[in-house]
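In the working numbering, the protein residues as written are 1 to 266.
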């Protein structure tokens with residue numbers, strides 16, 4: 001395992017690369033991970049432990065420590081775009097497939113990842129980051145209990161930290177279910193019915209939008225579990241927080257990896 005901290009234009013990214021000698025005949029798929037934290041902090045529980053699990057399944061894994069409040073939109077999506085562009089540009093150095101790069105995000109990190117997924121083809125926005133759509137394009141998404149909508153079912157704090165405002169009309173501009181197009185990449189989502197922080201409607205609304213434009217999607221709604229489960233096992237549970245261990249939810253990384261192996265094979 002090779003670990004490296006990479007300096008991006010405005011933030012850092014941690015790389016977790018399986019040994020180059022392992023299966024040298026096939027270029028690897030990559031996953032760029034955005035931890036959650038309501039655009040107010042970044043959760044370590046949704047960072048390295050997740051990267052190590054995907055690295056153990058043969059992915060090159062990267063954790064992007066994107067900018068949060070007091071930074072505002074579009075800082076987080078810019079950092080995510082720059083992370084994807086860096087992974088693509090350096091694919092040859094890490095024996096990776098430049099056309100098999102997924103973005104993944106948890107909670108507000110899901111909003112950051114998905115913001116790139118629905119906006120990567122905006123030439124003016126990408127140009128403002130010094131990138132082209134081709135450089136920044138994610139080839140798939142993995143969204144874990146994501147913040148999606150700025151409407152009725154919003155996690156209001158995320159949008160206040162994203163925009164610096166409590167203006168609901170401004171929040172609505174970042175309702176990602178309204179920005180989905182046929183150019184949105186294939187998407188894997190999971191959520192819990194009991195999530196009391198980011199309502200499951202966020203995922204349901206996103207799935208409905210993806211279905212309307214026929215974007216390939218896999219979704220898992222688990223009946224039990226609180227918000228912020230991460231890997232849903234003891235590795236990512238806080239001290240004395242046994243409620244964060246939900247065995248049925250702990251299956252999600254293998255399910256997501258299987259989905260990515262399918263949609264990123266070309």
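Beta carbons are placed, not taken as given, at the ideal position from N, Cα and C, and that holds for glycine.
Burial state of residue i (16 or more Cβ within 10 Å)
| i | result |
| --- | --- |
| residue 238 | exposed |
| residue 156 | exposed |
| residue 37 | buried |
| residue 29 | buried |
| residue 141 | buried |
| residue 134 | exposed |
| residue 213 | exposed |
| residue 181 | exposed |
| residue 193 | exposed |
| residue 231 | buried |
| residue 195 | buried |
| residue 208 | exposed |
| residue 108 | buried |
| residue 206 | buried |
| residue 1 | exposed |
| residue 191 | buried |
| residue 92 | exposed |
| residue 272 | What the structure shows of the chain is the stretch from 1 to 266, and residue 272 is not part of that stretch, so it cannot be assessed. |
| residue 69 | buried |
Beta-carbon separation (whole angstroms), residue i vs residue j, contact threshold 8 Å
| i | j | result |
| --- | --- | --- |
| residue 79 | residue 66 | 4 Å |
| residue 171 | residue 159 | 4 Å |
| residue 203 | residue 215 | Not really, about 14 Å apart at Cβ, beyond 8 Å. |
| residue 102 | residue 139 | 6 Å |
| residue 268 | residue 55 | Because the chain in this structure spans residues 1 to 266, residue 268 falls outside the shown range and cannot be described. |
| residue 85 | residue 136 | 5 Å |
| residue 31 | residue 104 | 5 Å |
| residue 161 | residue 40 | 5 Å |
| residue 246 | residue 229 | 6 Å |
| residue 210 | residue 100 | About 20 Å; that fails the 8 Å criterion. |
| residue 184 | residue 130 | Wrong, their Cβ atoms sit about 23 Å apart, outside the cutoff. |
| residue 57 | residue 242 | Not quite, the Cβ-Cβ distance comes to about 26 Å (not below 8 Å), so this is no contact. |
Pick from the options that is closest to residue i, judged by C-alpha positions
| i | options | result |
| --- | --- | --- |
| residue 225 | 199, 1, 211 | 199 |
| residue 177 | 165, 110, 8 | 110 |
| residue 45 | 97, 30, 6, 227 | 227 |
| residue 11 | 2, 37, 63 | 63 |
| residue 83 | 202, 126, 70 | 126 |
| residue 77 | 2, 186, 33, 253 | 33 |
| residue 47 | 144, 121, 71 | 144 |
| residue 165 | 73, 120, 179 | 73 |
| residue 146 | 81, 120, 115 | 115 |
| residue 53 | 68, 43, 75, 16 | 16 |
| residue 169 | 112, 57, 197, 149 | 149 |
| residue 26 | 130, 50, 96 | 96 |
| residue 253 | 49, 4, 8, 14 | 49 |
| residue 233 | 248, 221, 69 | 248 |
| residue 9 | 75, 57, 240 | 75 |
| residue 221 | 58, 240, 250, 242 | 250 |
| residue 71 | 244, 153, 163, 113 | 163 |
The beta strand (DSSP E) enclosing residue i, as first and last residue numbers
| i | result |
| --- | --- |
| residue 204 | Element bounds for residue 204: not the beta strand (DSSP E) but the alpha helix (DSSP H), 201-212. |
| residue 7 | 2-7 |
| residue 180 | Where residue 180 is concerned, there is no enclosing beta strand (DSSP E), given that its DSSP letter is neither H nor E. |
| residue 144 | 140-144 |
| residue 62 | 60-64 |
| residue 13 | 12-17 |
| residue 220 | 217-222 |
| residue 191 | 187-192 |
| residue 245 | It is not in any beta strand (DSSP E) - residue 245 carries neither H nor E in the DSSP assignment. |
| residue 98 | 96-106 |
Residue i, enclosing alpha helix (DSSP H) - first and last residue
| i | result |
| --- | --- |
| residue 159 | 156-163 |
| residue 88 | 75-89 |
| residue 235 | No alpha helix (DSSP H) contains residue 235, which DSSP labels as neither H nor E. |
| residue 253 | 252-263 |
| residue 50 | 48-56 |
| residue 43 | Residue 43 -> no alpha helix (DSSP H), and no H or E assigned at all. |
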